[in-house]
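The sequence shown begins at 470 in the working numbering and counts up by one. First the structure, in the form of structure tokens, and then the observations on it.
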Amino acid sequence: MRRDLVRSLRGARLSAPDRLTGTVLVAFSDAGVFRMRAVVVGSVAFQTYPALLGVGIPANLARTADLDIAQAHLIAVMVEDEITRTPKDLLKKVDSNIVGIPTPRWKACVSSATHSDPEPRSV
């Protein structure tokens, strides 16, 4: 089904996520990250705008080589649920070449990650 969606997006000349981005989004979704009030922001979220606005955006302007996810912490705290796996664990499950980058303030907390192969992969 996911491949059909990507094929449809490309057929309509819209931007579609690369394979790694799609796989990470599915892993985070399966783990309940979005259930806990996290949202996709940044260039991956902006890929939805051309379809909503009926305009074209050149692919090289529509993407950076990252995936940004934000969370409304105060809302997430109020939800009586929890995620048992850390973002770092989820990323490692997707691809062992992904390396977490600790935040300067909290060394134990991974707030971003990088991949040894920075080139986006197509579906």
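All C-beta atoms in this analysis are idealised placements derived from N, C-alpha and C, irrespective of residue type, glycine included. Remember, predicted model here, so these are calculated numbers, not experimental data.
As a beta-bridge residue in DSSP terms, A507 pairs with Q540. In the same chain as A485, and ignoring 5 residues on each side of it, the C-beta atoms closer than 6 Å to its own belong to V475, L478, R479, in chain order.
No Cβ-Cβ contact shorter than 8 Å links T492 with V568. F497 is a Cβ neighbour of L559, given a cutoff of 8 Å. Contact between L494 and P519 is ruled out by a C-beta separation of about 19 Å, above the 8 Å threshold. Under the three-state reduction of DSSP, V524 is assigned to coil, being neither helix nor strand.
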